[in-house]
Structures are given as structure tokens and as C-alpha cells.
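Written out below as C-alpha cells is the structure these notes cover.
Number of protein chains: 2
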Amino acid sequence: MKHFSDLSPTAERIVDIAERLIQQRGFNGFSYEDIAGEIGIRKPSIHHHFASKESLALTVAQRYTDRLKQKLLAIEESQSSSPAQLAGYVELFDETYTEERRMCTFGMLGAECGTLSESIRFEIGRFFAVNLAWLAEVFGRGRIAGELSFSVSDKDQALIFLSALEGAMVVGKGMETASCPKQVGQAMIASLSAAASNAVASQPLTGSD
Amino acid sequence: MKHFSDLSPTAERIVDIAERLIQQRGFNGFSYEDIAGEIGIRKPSIHHHFASKESLALTVAQRYTDRLKQKLLAIEESQSSSPAQLAGYVELFDETYTEERRMCTFGMLGAECGTLSESIRFEIGRFFAVNLAWLAEVFGRGRIAGELSFSVSDKDQALIFLSALEGAMVVGKGMETASCPKQVGQAMIASLSAAASNAVASQPLTGSD
DNA sequence: GTCTATATAAAGATAGAC
DNA sequence: GTCTATCTTTATATAGAC
């Protein structure tokens, strides 16, 4: 298919359910039968829409990244300050987690990537790269504007931020906590902002490359 | 069994292999056949040592936490400063990741916990609790000694630190990066230490509870 | 697009011999 | 402790009718 708007209503339902199952149980933790049972049709009907489980997961993955990009643009348009943009970003993780304690689709797939095909591994790398590039930009702007202060490169700060949110979902699920990504995200933003108010010279030690 | 030293040589090999498979492929990503093939015995022989896959995973989990506790004690004994203790802690994650790009056993199980039994979920919660308690102590001592500076509670800082390292393994695997947990860990320690050198007043905003 | 029927393989597990 | 044989269930997938 060219794009996700080309998906038939049933295909879209399948993708919706598969996405949720990947987030809650992992790629190796659900089957076509689970999806069929939920929709009320039979397994072969799922195969009619997605010949293989891998192609289904690939569609889930591509749509997820596509939607993320849209949400990042929406954050940039609605929020002008860097701390507010970060808060919007944290909210994306929190919404996902709060909704039936789902993991980030790519947090789950990243953990499982030792069992996944090359085409899906490619999508995993692409998703994280999109996140890191966007975060590094936000951290760069925030640092220059004096809204955020940190002593590592923009790229390292982006990696810390993304990792902490992905990890917060894992730790939160493992500890059966209600709001882990939000707690971690807000604490990090508080740290970065508090440092900016105190800081005399908030130059990064290692540049912004 | 009372303790892990009671494991027969074959049982121990089984646990070793199961641990590695959980870390690399997840609980739902391997089978008794994988273990049997690697050891050179048959599936029923694995069942002789561990009647169910779940009981095997439980032993893997309990041994993993047991060993972690020992390693934390070793770090406390060999390192006196808080930044050095954190560096030792980061090294634990880095060693695991560097060894064939393994995940933390509980990072993987935490992500998959929607498919796991109550007894394993209990172990997941226990593991993270042990980590958070140890880290919060280290952060508290480091803050009081003026070696570390951060503007959230000791507990929140511990949660950020653990989450970031767990997440770094996920992101690192997903991006096929060589050294993600080390990079994230060292960057965080640098941040916390650099802040301590600059800080005028490094009181936590929200107390140390 | 959906169904029944079926193929094929793998999974977790047990019985009982050696 | 290990084996062969077997059970039972599930998974992914295909063929072909409606």
C-alpha cells in the first residue's frame, strides 16, 4: 500500500489491534488468532489483509513513526519554549503508557529486535533516529535561549532524555506503577530548567555536534 | 532448591543459556528446543531439571537479582565516592550490553510482563526496587557530600538514572549501537558532577524522601 | 472479504524405558 | 540423567468455496 489512508476499515482495525498487542505483549506474545477473536472474524481473513505477521508488524511500525512525526510537528507549532516542547514530548509517552499501560511500540520492538527481520529492524533504527534528531534540536535551541542548561552535548542530552523515557515505561510496567514516564519526564525537565536558572555559564562541555 | 549453588552442573548450564536467551530474545522468543540443541541433549532432559519454562525463568530471575546484590556490595566496598559508585553501577549495565549485546534480564522481562505469571512479575518488581533503593542511597550520600548535584529528590534521581540505563539498552539494541548504556551513563554522571562543581546551593527542591 | 478445511511446524509437556 | 515416543495445543500459512 502507498499510505495508511489506503487501509480498508477492517485492515485498519487489524493494525490498531496489532499495535496494541505489540505494545502490551510484544511481537512474540500474540498471534493472528488473538486479533481474529477480537474482531470476530477468522484467522484466514487476517491473512487476506496481511499475508504475514511480519508485514503486519511492518505496517504497524511505519504508521507509528508517521504519526510520531505529525505529533512532533504539532508540538513545535503549539509550543514555542523548549521546556514546553519537552513537556509535550513527555506527554506523548505518558499518553501511551496511561492507555492500558502500553509500552512505546519501538521500545518493545527494540528489546525484541534479536528475533525480528531486517525490514523491521530498519524501522526501529529510523524511529529512534527521528526522535533523537528532534530532541537534539530542541535541546540546542533551549540551551542557546538559556531556557535549558546541561553540561553534555545536545546529542548526548537527547539520548539521555529518550533513553530515560523508554526505560521509564519498562521500569513502570515492571513495578506496576501508574505514571512512570510522566514522573521521569517531569523530573528531568525540572532538573534541566532549574540548572538553567542557577547557571552562571551554561556552555556545553563537548559542543553541540 | 534452596540456593543456586545447589544447581547441578547441567542445571546451571541450562540456567546460563536461558538467561542469555531471555536477554537476547525475550521469554517468548526461545524454546526448550533452543536450549537442548545448544547443550546437546533432548527437550525432556530440560524438563527433568526444570519442569516448566516458567520455573526456569523464575530461577534465572532470582539468581540474577541475587548476583546483582553481590555486585552492589562489591561496588560499595571498592569505591568510596558517589560518582565512582555510579560509574561502577554503569559498568554493570555496560558489561551486560557489551557481552553479545544482551539486555538487562529484567528490562526484557519488564517489557514482556504482560505475558508473564504472577511469580515472575513479583521478581521484576523486587529487582527494580533493589536497584532504586541502592541508587537513592548513593545519590543521597553524594548530594550531602557535595559530590553530586541535582534538583529533584534522591528517589526521583534514582528513577531517572535506572530508567535511562534500562532505556539505553533498548535504544542501543534498536539502533544497533556498540556502547549505548556506557555513553548514557557517563554523560549522566558528567552532568551530575559538573553541576556539583558549579553549584552555589545544591539543595534538592523536593527533599530526599 | 470472509469462510471451512487443511497443511506444516513448533511449542510445552508427560510416560516410561534405559 | 538422559533417552524415544507421544500427546496436545498453538502458530503461521495456504487452497479453494461462497
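Which chain is which? The protein sequence lines are F and V, in order. Under numbering that gives the first Met the number 0, the first residue of the first sequence is numbered 0, with each subsequent residue one higher. Under numbering that gives the first Met the number 0, the first residue of the second sequence is numbered 0, with each subsequent residue one higher. Beta carbons are placed, not taken as given, at the ideal position from N, Cα and C, and that holds for glycine.
Contacting positions in the segment 129-163 of chain F - beta carbon closer than 7 Å to chain V: F149, S150, V151, D155, L158, I159, L161, S162, A163
Minimum Cβ-Cβ distance from G173 (chain V) to chain F less than 8 Å: yes
How long is the line joining the alpha carbons of M159 (chain F) and N130 (chain F), rounded to whole angstroms? Looking at the sequence shown, residue 159 (chain F) is not Met but Ile. Cα to Cα, I159 (chain F) sits roughly 12 Å from N130 (chain F).
Is there a C-beta anywhere in chain F that falls below 8 Å from the one on T114 (chain V)? yes
Residues from the segment 8-37 of chain V in contact with chain F, defined by Cβ distance under 7 Å: Q23, R24, G25, N27, G28
Compute the beta-carbon to beta-carbon distance between A210 (chain F) and A56 (chain F), rounded to the nearest angstrom, for a pair I have assumed lies under 8 Å. The requested residue 210 (chain F) is not part of the displayed model; chain F covers only 0 to 208.
Within 10 angstroms of its Cβ, does G173 (chain V) collect 16 or more other Cβ (buried), or is it exposed? buried
Between G209 (chain V) and the rest of its own chain, which residues show a CB-CB distance below 6 Å, the 5 nearest in sequence each way excluded? Coverage of chain V is limited to positions 0 through 208, which leaves residue 209 (chain V) absent and any answer about it impossible.
Starting from the Cα of Q150 (chain V), find the closest Cα among F:A132, F:E165, F:S192, F:E32 and give me that residue. Per the sequence shown, the amino acid found at residue 150 (chain V) is Ser instead of Gln. With distances taken between Cα atoms, S150 (chain V) lies closest to F:S192.
Taking C-alpha atoms, which residue in F:T104, F:C179, F:V169 lies nearest to G106 (chain V)? F:V169
On the three-state DSSP scale, how would you describe M102 (chain F)? coil
Indicate whether the contact test is met: 3 or more Cβ pairs, each with one atom in the segment 84-98 of chain F and one in the segment 36-54 of chain F, closer than 8 Å. no
Taking the alpha-carbon of V89 (chain F) as reference, which of F:G139, F:A157, F:S44 has the nearest alpha-carbon? F:A157
Taking 8 Å as the threshold, find out whether the segment 176-188 of chain F comes into contact with the segment 65-79 of chain F through three or more Cβ pairs. no
Answer with buried or exposed for F127 (chain F), where buried requires no fewer than 16 other C-beta atoms within 10 angstroms of its C-beta. buried
Considering only C-alpha positions, which residue in the set F:Y31, F:L85, F:S4, F:C103 is nearest to G166 (chain F)? F:C103
Less than 8 Å between CB atoms is the rule here; does E75 (chain V) satisfy it with respect to chain F? no
Is the shortest distance between the beta-carbon of V169 (chain F) and the beta-carbons of chain V less than 8 Å? yes
Rounded C-alpha distance that separates S7 (chain F) from I119 (chain V): 40 Å
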